[in-house]
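Residue numbers (this note's numbering), protein chains in the order written: chain A, 4 to 315; chain P, 171 to 440. Just so it is clear, CB atoms sit at the ideal spot from N, CA and C, and this is done for glycine as well. In what follows, a structure is listed as structure tokens, so that the remarks can point back to it.
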């Protein structure tokens, strides 16, 4: 049960990453590797603020969002102002951020030790709500802090998903979606496509940075390596989400990204439980995304080829 | 009043692909006039339209919209004056978004976009009424993704979107060239109706002589980046397809003896 709650909580934290990747991958049709850097950037900023400066963990988490947004802005500027290919712009910012993150943290790993984090708050809340210790959940004994943490993450992700849905239905957000869908059209309707791209990537990486800040607090340390390969995690979540909901509309796509992330994390937890070597995880994730990318095309080709054979 | 003075544009300058697309074009378009621009392939007619829209900036020359100089304005800033329909029916609409959302975008053409709800409920009624006027049965499908519609339907919707807020200048770039004859006819009739009703200042590029004769109150014929002939009023009304063909034939004949060839002959025989 503790494993299950842990997987769900981590899945929800990663759902913010998935929402960020949804924005860059589905709205702007770019695989934005900045994510690998901005996740760590958000975690590093939050960790140093909390551990070194004793900042309120909620403020530190918000700072993680801002840090990610800054990284997104940088990527967006490289793409629009300097006309650099989006993939290359992401690689440049990600690489630069690696050094920046080490500078910020001063070393490659910052443990929270006894510092007050969101997890500490969740423990206090657990004490007050359930008198601490174990809670009986449908016959299972569950740690109160874990349970509260799960609830808090669900609330944060729910709020973020709702805010994202609301934003993409406003005048600004609708124009932003159009700038990814048909830049020529929205430019003729008076929108500055480059500026929308910068704002969009800032929003995307802001969510990723916040995800990093929450993840660091959950696992009780920030690490310079924690962002590596996370773009692929995000892509996997978005793709699973689309398979789950069919993504017929914006709302379903956003909900899909959240549930895709949680489901993916559950599958990983189960695989690890059955003895999967954690070192193989990124390889399997990459293979999964590869299959998800080629399968629809391969399936579409099958009947046509058969028809061609019949015609011959 | 739209004024274009001595507009010049060269693409790929200094390379073997250099194209002098506009060689000092000047044009004044009076308010409410409907100008048809006619020309051969590569004559600069689409370049002229794109120059007005701001798709690129001129190398030299000046553009004024209603007394405001817009020469250095980027496309998205000029959008507050300009409504536009493209040749490609897929260019004017966002395919993944619904009909209603596309119109919500068009309703903010050239205006600031904030955090207000893009598609307030009160707009849907008005939107359904206007879309019903197309008589395409699309008023019941406002939440359908626009990418699922036919080229003709999308072009009709683009035209309605471009003119939802009355544009100071409507630019039509061979907007029926990619459609089947029946849809093209439908879109042309819609174009005429909207322009007449709203008394829109319009520039329409076409390579159809028949459209040029039937539509508008002024014909501008272009060739090699310059205005070849400009007819309006009674002159325009007298023009027939054969007259236009004759004019282009004249040019073609004259070109067989271009200046360098004439010089060569003069040197040999005089």
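Burial state of residue 281 (chain P) (16 or more Cβ within 10 Å): Its Cβ having fewer than 16 others within 10 Å, residue 281 (chain P) is exposed.
Chain P within 8 Å of residue 315 (chain A), Cβ atoms only: Unreliable positioning characterises residue 315 (chain A) in this predicted model, as indicated by a pLDDT of 48, which lies under 50. The coordinate reading is nonetheless provided below. At least 8 Å separates the CB of residue 315 (chain A) from every CB of chain P.
CA-to-CA distance, residue 196 (chain A) to residue 82 (chain A), given in whole angstroms: Whole-angstrom Cα-Cα distance: 12 Å.
Other residues of its chain near residue 146 (chain A): CB distance less than 7 Å, five sequence neighbours each side excluded: Closer than 7 Å at Cβ, skipping near neighbours: 5, 137.
Residues within the segment 180–203 of chain A neighbouring chain P, beta-carbon criterion of under 7 Å: Within the segment 180–203 of chain A, the residues whose Cβ lies closer than 7 Å to some Cβ of chain P are 180, 181, 184, 185, 187, 188, 189, 190, 191, 192, 193, 194, 195, listed in chain order.
First and last residue of the uninterrupted beta strand (DSSP E) at residue 146 (chain A): Counting along the chain, the beta strand (DSSP E) containing residue 146 (chain A) begins and ends at 143–146.
Neighbourhood of residue 362 (chain P) by C-beta, 7 Å cutoff - its chain only, sequence neighbours within 5 removed: 385.
Given residue 185 (chain A) as reference, the closest of A:32, A:66, A:14 once Cα atoms are compared: That would be A:32, whose Cα lies nearest to the Cα of residue 185 (chain A).
Members of the segment 313–344 of chain P that neighbour chain A once the beta carbon cut-off is set at 7 Å: Cβ proximity to chain A below 7 Å picks out nothing from the segment 313–344 of chain P.
Chain-ordered neighbours of residue 2 (chain A) on chain P, where CB pairs are closer than 7 Å: With chain A represented from 4 up to 315, any question about residue 2 (chain A) goes unanswered, as that position is not in the structure.
Nearest-angstrom Cα separation, counted from residue 343 (chain P) out to residue 441 (chain P): No answer is possible for residue 441 (chain P): the residues shown for chain P start at 171 and end at 440.
Partners in chain P for residue 175 (chain A), counting only beta-carbon separations shorter than 7 Å: The answer, in chain order, is 283, 284, 285.
Chain P contact for residue 172 (chain A) (CB, 8 Å cutoff): At least one chain P Cβ lies under 8 Å of residue 172 (chain A).
Nearest-angstrom Cα separation, counted from residue 319 (chain P) out to residue 271 (chain A): Cα to Cα, the separation comes out at about 42 Å.
Closer than 8 Å to chain A by CB, residue 296 (chain P): Nearest CB-CB separation between residue 296 (chain P) and chain A: not below the 8 Å threshold.
Under the three-state DSSP convention, the category residue 344 (chain P) falls into: In the three-state reduction of the DSSP assignment, residue 344 (chain P) falls in the coil class.
Beta carbon of residue 129 (chain A) nearer than 8 Å to that of residue 151 (chain A): For residue 129 (chain A) and residue 151 (chain A), yes; Cβs fall inside 8 Å.
Cβ neighbour criterion (16 or more within 10 Å) applied to residue 315 (chain A): Its pLDDT being 48, under 50, residue 315 (chain A) is placed unreliably in this model, and the coordinates cannot settle the point.
Short CB-CB distance (under 8 Å) between residue 422 (chain P) and chain A: Not one chain A Cβ lies under 8 Å of residue 422 (chain P).
Chain A contacts made by the segment 235–262 of chain P, where a contact means CB separation under 7 Å: Residues of the segment 235–262 of chain P with a C-beta atom less than 7 Å from some C-beta of chain A are 245, 246, 249, 250, 254, 261, 262, listed in chain order.
Short CB-CB distance (under 8 Å) between residue 267 (chain P) and chain B: Here chain B cannot be found, since the structure's protein chains are A and P.
Same chain only: Cβ atoms within 8 Å of residue 268 (chain P), ignoring 5 sequence neighbours per side: So the qualifying residues of the chain are 312, 313, 314, 315, 316.
Cβ-based burial, residue 182 (chain P) [other Cβ within 10 Å; buried from 16]: Classification of residue 182 (chain P): exposed, given that the 10 Å Cβ count is below 16.
Contact test: residue 385 (chain P) Cβ vs the ligand ADP heavy atom, cutoff 7 Å: As for the ligand ADP, it is missing from this structure, which has no ligand bound.
is_contact[residue 274 (chain P), chain A] using C-beta, thresh 8 Å: The C-beta of residue 274 (chain P) comes closer than 8 Å to at least one C-beta of chain A.
Residue 11 (chain A) versus residue 254 (chain A): straight-line alpha-carbon distance, rounded: Each residue's Cα considered, the two are about 21 Å apart.
Residues sharing a beta bridge with residue 139 (chain A), DSSP: Residue pairing by DSSP puts residue 139 (chain A) in a beta bridge opposite A:144.
8 Å Cβ cutoff met for residue 339 (chain P) and residue 260 (chain P): Contact flag unset, no.
Neighbouring residues, chain A, relative to residue 279 (chain P) (Cβ below 7 Å): Close partners of residue 279 (chain P) in chain A (Cβ separation under 7 Å): 192, 193.
Coil, strand or helix - residue 280 (chain A) by DSSP: DSSP, read as helix, strand or coil, puts residue 280 (chain A) in coil.
Own chain partners of residue 190 (chain A) with C-beta closer than 6 Å, once the 5 adjacent residues on each side are dropped: Non-local beta-carbon contacts of residue 190 (chain A) in its own chain, meaning distances under 6 Å to residues more than five positions away in sequence, involve 196 in chain order.
Amino acids of chain A, ordered along the chain, whose beta-carbon sits closer than 8 Å to that of residue 264 (chain P): Near residue 264 (chain P) (Cβ distances below 8 Å), the residues of chain A are 180, 181, 184, 185, 188, 189.
Residue 374 (chain P), enclosing beta strand (DSSP E) - first and last residue: First-last of the beta strand (DSSP E) with residue 374 (chain P): 372–376.
In DSSP terms, what residue 114 (chain A) is bridged to: The partner list for residue 114 (chain A) (beta bridge, DSSP) reads A:224.
CB-CB length for residue 388 (chain P) against residue 213 (chain P), believed under 8 Å: Their Cβ separation, rounded to whole angstroms, is 17 Å, which puts residue 388 (chain P) and residue 213 (chain P) out of contact at 8 Å.
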